[in-house]
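Chains as they are written, first to last, in our numbering: chain A, 2 to 114; chain B, 25 to 140.
Ideal placement from N, C-alpha and C gives every residue a C-beta, glycine not left out.
Note that the coordinates shown come from a computational prediction; the quantities given were computed from them, not determined experimentally.
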């Protein structure tokens with residue numbers, strides 16, 4: 002998906018490991034967010050940011066950490082991976098908080114063993 | 025608390041049939057936004073529409089149309105003359121107005137399969 006880049010696309014971790022999912026956008030968007038998608042549950046908001054230096058929790062923030070040091074990047078950190086965090090993760094961005102997330106990344110499929 | 029319910033888990037139709045995807049929502053907010061997204065088999069999420077709670081006019085875009093009824097808290101999506109390329113998972117979502125698209129609550133999605 003042009004504009005929002007997520008890496009890696011796939012990752013397998015062992016329980017207890019930590020890792021960072023990367024998200025970058027080159028559209029100078031203020032607003033960025035992370036969602037997780039689980040079968041039968043739609044997408045749920047993990048964390049979001051309305052600009053550099055500002056982050057806030059979404060619906061399911063436990064076990065995840067974020068920071069927004071630049072406008073372009075919004076990494077999501079798993080502090081100590083658990084099998085319950087096996088999911089597909091999507092990063093999204095929009096120009097401002099008054100616009101819906103119209104630009105989603107292609108997703109990161111994460112498996113925790 | 026907000027909630028979005030898409031009661032139809034899966035729908036299967038034959039090409040050229042019309043199909044309606046249901047979306048019912050719950051919110052205590054007096055103003056809010058409703059959205060539809062499409063997720064094709066390739067996995068990306070595609071924004072389709074945003075509707076403000078003040079605007080109950082139906083909207084049509086090509087073969088797509090949306091019916092917003094505040095009285096029944098529903099925001100249904102109809103595809104006319106469906107095509108195989110319409111096969112995807114469709115998500116309805118809701119957001120409080122003050123945050124607009126920044127805090128979306130998604131429904132569980134409806135898997136639409138259009139058979140040739």
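Spatial neighbours of residue 2 (chain A) in its chain, beta-carbon cut-off 8 Å, leaving aside the 5 residues before and after: The count along the first chain starts at 1 and reaches residue 2 (chain A) at position 1. Note that residue 2 (chain A) has pLDDT 47, beneath the 50 cutoff, so the model's placement of it is unreliable and the number below is only indicative. Within the same chain, residue 2 (chain A) has close Cβ partners 104, 105, 106, 107.
Could you name the residues of the same chain whose beta carbon sits closer than 6 Å to that of residue 117 (chain B), not counting the 5 residues immediately before and after it, in chain order? Your numbering for residue 117 (chain B) matches position 93 in the second chain. Excluding residues within five positions, the ones whose Cβ falls inside 6 Å are 59, 128, 130.
Which residue's Cα is closest to the Cα of residue 10 (chain A): A:92, A:96, A:97, A:114? The residue labelled residue 10 (chain A) in the question sits at position 9 within the first chain. That would be A:92, whose Cα lies nearest to the Cα of residue 10 (chain A).
Mind checking the region 59-73 of chain B against chain A and listing, in chain order, the residues whose C-beta falls within less than 7 Å of any C-beta there? The region 59-73 of chain B vs chain A, Cβ under 7 Å: 59, 67, 68, 69, 71.
Are any of the Cβ atoms in chain B nearer than 8 Å to that of residue 49 (chain A)? As a first step, residue 49 (chain A) is located in the first chain; it is residue number 48 there, counting from the start. At least one chain B Cβ lies under 8 Å of residue 49 (chain A).
Excluding the five sequence neighbours on either side, which residues of its own chain have a C-beta within less than 6 Å of the C-beta of residue 121 (chain A), listed in chain order? There is simply no residue 121 (chain A) to check, as chain A begins at 2 and stops at 114 in what is shown.
Using the Cα positions of residue 139 (chain B) and residue 70 (chain A), report the straight-line distance between them to the nearest angstrom. For the purposes of this step, residue 139 (chain B) is taken as residue 115 along the second chain, with counting starting at 1. For the purposes of this step, residue 70 (chain A) is taken as residue 69 along the first chain, with counting starting at 1. Cα-Cα distance, rounded: 47 Å.
Is there contact between the region 77-91 of chain B and the region 32-41 of chain B, where contact requires at least three CB pairs shorter than 8 Å? no
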